[in-house]
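Residue numbers (my numbering): 19 to 362.
Structure (structure tokens):
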């Protein structure tokens, strides 16, 4: 899997077109999202088609080999307030959604990244009634961060367990770079509401985690994106306030440096990279009271931030990804509601 970029379509920095036929309605829930990503999905024919609910969509999926899609994973259901395990993919040319096998364990506040031919799901928390696959008695979980790491192969259509995080956490960030997976920051759910500066690196060949240099400041609800040899970390939440920090990690030297701060302090935001520029999208300020529609871009070459066209809808805890030269934003929350809208 790779991030999908279509060279035949012009890149666009503005996010204003609504995907009218792509609302996550009916079996696409209104939900707080933890993650959205773009990937080249090599569908497994009938094995994938059996996951769908209509013959029309089955036919669509069987014809979609090597088509780039948007993948949306996990989150919180608006009606029940439960964490969910759904994995849904969006094909932009047809403006249709289809399902993939759900995560083995429902969760919100997770982080995820594509590495080689698998999608890795890291950490998160669960709230709600859950019946384990073994069929044992249902259990109730309440906002407890976990260390689970699971991965999905679009080629094999399977989920498998990987080595767990050394540090259980939720509302962290994750980025894959140079064959390694990095888990950054987060919230560990202990008494005292401990926010983390912890950075851990996963090697898929060895199925092991190692500690890296910590973030310059602890935080949860942050966003991250990679460019060159560096991982850029944007914003986040700590000690009752959103922050505007931008920190840059060099994966070769294992060193951090502080970059130019965002014009707007924000947590629960999303980040994306397009045409060599980083975009900080949405999020919230004032302790989660005010969600944002604003979009700001950062050019790492000039070190300057610019204000971009805002999103049509304020949203925090959203997902974002680059697909076919456009930035898509998916789901999220306002102050009181979860969203099922998609914009690009």
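Don't be surprised by glycine CBs; every beta carbon is placed ideally from N, CA and C.
Limits of the unbroken beta strand (DSSP E) element including residue 123
Sequence index remark: in the chain shown, residue 123 carries index 105 (1-based). No beta strand (DSSP E) contains residue 123, which DSSP labels as neither H nor E.
Buried or exposed: which applies to residue 113, given that a residue is buried once 16 or more other Cβ atoms fall within 10 Å of its Cβ?
For the purposes of this step, residue 113 is identified with residue 95 of the chain shown, where counting begins at 1. Classification for residue 113: exposed.
In whole angstroms, what is the alpha-carbon distance linking residue 330 and residue 223?
Position 312 of the chain shown, counting from 1, holds the residue named residue 330. Position 205 of the chain shown, counting from 1, holds the residue named residue 223. Each residue's alpha carbon lies about 43 Å from the other.
Indicate whether residue 265 and residue 251 have their beta-carbon atoms separated by less than 8 Å.
Reading the chain shown from its first residue, position 247 is the one you call residue 265. Reading the chain shown from its first residue, position 233 is the one you call residue 251. Yes. Within cutoff.
I'd like the list of long-range same chain contacts for residue 120, defined as Cβ closer than 7 Å, with 5 residues on each side in sequence excluded.
Working through the chain shown from its first residue, we reach residue 120 at position 102. The answer, listed in chain order, is 103, 104, 105.
Tell me, to the nearest whole angstrom, how far the beta carbon of residue 267 is from that of residue 274; I am working on the premise that it is less than 8 Å.
What you label residue 267 is simply residue 249 of the chain shown in a count that begins at 1. What you label residue 274 is simply residue 256 of the chain shown in a count that begins at 1. 5 Å between Cβ atoms; contact.
Have a look at the DSSP bridge pairing and note the partners of residue 140.
Translated into positions along the chain shown, residue 140 becomes position 122. DSSP, once it has assigned bridges, lists 129, 167 as partnering residue 140.
Go through the region 180 to 226 residue by residue and report every complete run of the beta strand (DSSP E) that reaches 3 residues or more, in order.
191 to 195, 198 to 202, 217 to 221
Mapping DSSP to helix, strand and coil, what is residue 286?
Your numbering for residue 286 matches position 268 in the chain shown. Residue 286 falls in the coil class under three-state DSSP.
Let me know if residue 359 comes out buried or exposed under the rule of 16 or more other beta-carbons within 10 Å of its beta-carbon.
Working through the chain shown from its first residue, we reach residue 359 at position 341. Label assigned to residue 359: buried.
Can you find at least 3 beta carbon pairs, one from the region 334 to 353 and one from the region 128 to 143, that sit closer than 8 Å?
no
If you follow the beta strand (DSSP E) that residue 337 is in, where does it begin and where does it stop?
Residue numbering aside, residue 337 sits at position 319 when the chain shown is read from its first letter. It spans 337 to 341 - the beta strand (DSSP E) in which residue 337 sits, taken as one unbroken run.
Taking the Cβ atom as the reference point for each residue, do residue 143 and residue 188 lie within a distance shorter than 8 Å?
The residue given as residue 143 occupies position 125 in the chain shown. The residue given as residue 188 occupies position 170 in the chain shown. Going by C-beta atoms, residue 143 is nearer than 8 Å to residue 188.
Does residue 97 pass the burial test, meaning 16 or more other C-beta atoms within 10 Å, or should it be called exposed?
Your numbering for residue 97 matches position 79 in the chain shown. Exposed is the call here.
Quick test of your reading: residue 285 and residue 255, contact by CB under 8 Å. State the CB separation rounded to the nearest angstrom.
Here the question's residue 285 lines up with position 267 in the chain shown. Here the question's residue 255 lines up with position 237 in the chain shown. With 8 Å as the limit, residue 285 and residue 255 qualify as a contact, their Cβ atoms being about 4 Å apart.
Buried or exposed, going by whether 16 or more other CB atoms sit within 10 Å of the CB of residue 375?
Any answer about residue 375 is impossible in this case: the structure gives the chain only from 19 up to 362.
Verify whether the separation of the beta carbon atoms of residue 242 and residue 215 is less than 8 Å.
For the purposes of this step, residue 242 is taken as the residue at position 224 of the chain shown. For the purposes of this step, residue 215 is taken as the residue at position 197 of the chain shown. No, the pair does not count as a contact, with Cβ atoms beyond the cut-off.
If you follow the beta strand (DSSP E) that residue 295 is in, where does it begin and where does it stop?
Taking the chain shown and counting its residues from 1, the one referred to as residue 295 is at position 277. Residue 295 -> beta strand (DSSP E) spans 295 to 299.
Going along the chain, which residues of its own chain have a beta-carbon closer than 8 Å to the beta-carbon of residue 186, five neighbours each way excluded?
Translated into positions along the chain shown, residue 186 becomes position 168. Contacts found: 141, 163, 164, 165, 206, 207.
Whose C-beta lies closer than 8 Å to the C-beta of residue 217 among residues of the same chain, with five residues either side of it excluded?
In the chain shown, the residue the question calls residue 217 occupies position 199. Only 200, 201, 202, 203, 229, 230, 231, 232, 233, 267 meet the Cβ criterion.
Pull up the CB-CB distance for residue 312 and residue 352, whole angstroms please, since I reckon it's below 8 Å.
Here residue 312 refers to the residue found at position 294 of the chain shown. Here residue 352 refers to the residue found at position 334 of the chain shown. Not really, about 14 Å apart at Cβ, beyond 8 Å.
Under 8 Å by Cβ, that's how I've got residue 302 and residue 94 pegged, so tell me the actual separation to the nearest angstrom.
Here residue 302 is taken as the residue at index 284 of the chain shown, counted from 1. Here residue 94 is taken as the residue at index 76 of the chain shown, counted from 1. No, residue 302 and residue 94 are not in contact; Cβ-Cβ is about 15 Å, not under 8 Å.
Do the CB positions of residue 288 and residue 190 come within less than 8 Å of each other?
As a working note, residue 288 is residue 270 in the chain shown. As a working note, residue 190 is residue 172 in the chain shown. Not in contact: residue 288 and residue 190 (Cβ atoms no closer than 8 Å).
Distance, Cα to Cα, residue 328 vs residue 118?
Position 310 of the chain shown, counting from 1, holds the residue named residue 328. Position 100 of the chain shown, counting from 1, holds the residue named residue 118. Between residue 328 and residue 118, the C-alpha separation is close to 31 Å.
For residue 176 and residue 319, what's the separation of their Cα atoms in angstroms?
Walking along the chain shown from the start, residue 176 turns up at place 158. Walking along the chain shown from the start, residue 319 turns up at place 301. One C-alpha to the other measures close to 41 Å.
Cutting at 8 Å between CB atoms, please list the residues of its own chain near residue 291, excluding the five before and the five after it.
Position 273 of the chain shown, counted from the start, is the residue given in the question as residue 291. Excluding sequence neighbours, residue 291 sits near 243, 244, 245, 297, 340.
Backbone CA spacing between residue 342 and residue 334 [nearest angstrom]
Mapped onto the chain shown, residue 342 falls at position 324. Mapped onto the chain shown, residue 334 falls at position 316. When rounded, the distance between both Cα atoms is 24 Å.
Determine the DSSP secondary structure at residue 103, reduced to helix, strand or coil.
As a working mapping, residue 103 is identified with position 85 in the chain shown. In this structure, residue 103 counts as coil in the three-state DSSP scheme.
Would residue 321 and residue 278 qualify as a contact pair, given that the criterion is a beta-carbon distance under 8 Å?
Counting from one through the chain shown, the residue named residue 321 turns up at place 303. Counting from one through the chain shown, the residue named residue 278 turns up at place 260. Yes; because the gap between Cβ atoms is below 8 Å, this pair is in contact.
If contacts are defined as beta-carbon pairs under 8 Å, then residue 269 and residue 247 qualify, I think. What distance do you get, rounded to the angstrom?
Looking up residue 269 in the chain shown gives position 251. Looking up residue 247 in the chain shown gives position 229. Sure, about 6 Å apart at Cβ, within 8 Å.
Would you identify the three-state DSSP class for residue 304, choosing helix, strand or coil?
As a first step, residue 304 must be located in the chain shown, where it is residue number 286. Here residue 304 sits in helix by DSSP.
From residue 226 to residue 180, what does the alpha carbon distance come to, in whole angstroms?
Indexing the chain shown from 1 puts residue 226 at position 208. Indexing the chain shown from 1 puts residue 180 at position 162. Each residue's alpha carbon lies about 9 Å from the other.
Which of helix, strand or coil does DSSP assign to residue 330?
Position 312 of the chain shown holds residue 330. Correct three-state label for residue 330: coil.
Going along the chain, which residues of its own chain have a beta-carbon closer than 7 Å to the beta-carbon of residue 213, five neighbours each way excluded?
Position 195 of the chain shown holds residue 213. So the list reads 205, 236, 237, 238, 256, once near-sequence residues are dropped.
To the nearest angstrom, how far is it from the Cα of residue 45 to the Cα of residue 193?
Residue 45 sits at position 27 when you count from the first residue of the chain shown. Residue 193 sits at position 175 when you count from the first residue of the chain shown. At residue 45 the pLDDT is 32, less than 50, meaning the model places this residue with poor confidence; the figure from the coordinates comes in the next sentence. Taking the straight line from one Cα to the other gives about 29 Å.
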